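K.L.:
Here my numbering = 1-based position in the sequence shown + 69. Just dropping this structure here.
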Amino acid sequence: MRVGVLLEDRCQPKKCNAECWAFCPPLRNGIECIVLDDSSGKPLVSEPLCIGCGICVVKSPFDALIITNLPEELDGEMTHRYGENGFRLFRLPAPREEQVVGILGPNGKG
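Written out as structure tokens, the structure reads:
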């Protein structure tokens with residue numbers, strides 16, 4: 070499993086030739102691993118189709134892409150996800166009803 074993160078502030082589709090898209094091996098084999106947004110021209114990495122080769126990261130002229138390989142997805146319910154291709158959080162503790170979660174002292178420490 071991997072996560073493809075686009076750094077929006079670094080990506081400048083008007084100043085590049087979409088190298089991250091053009092050199093993607095799955096895309097060259099007919100698998101739409103990276104799709105360019107019609108309105109902005111920015112790439113969107115499809116996590117299930119990405120093979121994690123990192124060529125798009127190297128070819129991006131503005132270092133706008135990050136591909137992070139992750140361990141297998143945990144069993145259980147996902148608690149939160151940061152955006153469409155963002156990191157996922159699992160097994161976060163949730164406070165139980167009518168129970169004390171913790172006690173903080175005056176300096177903010179337990």
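The beta-carbon is built from N, C-alpha and C at its ideal position, and this holds for glycine as well. Source: prediction; values computed, not measured.
Quick one: what does DSSP say Val170 is sitting in, helix, strand or coil?
P.N.:
Taking the first residue of the sequence shown as 1, we reach residue 170 at position 101. Three-state result, Val170: coil.
K.L.:
Quick test of the definition: if touching needs 3 or more C-beta pairs under 8 Å, does the region 88–105 touch the region 163–179?
P.N.:
Judged by Cβ distances under 8 Å, the region 88–105 makes no contact with the region 163–179, as fewer than three pairs qualify.
K.L.:
List the endpoints of the continuous beta strand (DSSP E) containing Ala139.
P.N.:
The residue labelled residue 139 in the question sits at position 70 within the sequence shown. What sits at residue 139 in the sequence shown is Leu, not Ala. Where Leu139 is concerned, there is no enclosing beta strand (DSSP E), given that its DSSP letter is neither H nor E.
K.L.:
Taking one C-beta from the region 80–88 and one from the region 120–140 each time, how about it: are there three or more such pairs within less than 8 Å?
P.N.:
Yes, the region 80–88 touches the region 120–140.
K.L.:
Return the first residue and the last residue of the beta strand (DSSP E) that Arg150 is part of.
P.N.:
Translated into the one-based positions of the sequence shown, residue 150 becomes position 81. Per DSSP, Arg150 belongs to the beta strand (DSSP E) from 147–150.
K.L.:
What number of angstroms, rounded off, separates the C-alpha of Asp132 from the C-alpha of Cys80?
P.N.:
Here the question's residue 132 lines up with position 63 in the sequence shown. Here the question's residue 80 lines up with position 11 in the sequence shown. Each residue's Cα considered, the two are about 8 Å apart.
K.L.:
Kindly say whether Met147, judged by its beta-carbon, lies nearer than 8 Å to any beta-carbon of chain D.
P.N.:
No chain D appears in this structure, which consists of one protein chain only.
K.L.:
Evaluate Val114 with the Cβ neighbour count: other Cβ atoms within 10 Å of its Cβ, from every protein chain shown; 16 or more gives buried, anything less gives exposed.
P.N.:
For this step, residue 114 is matched to residue 45 along the sequence shown. With 16 or more Cβ atoms within 10 Å of its Cβ, Val114 is classed as buried.
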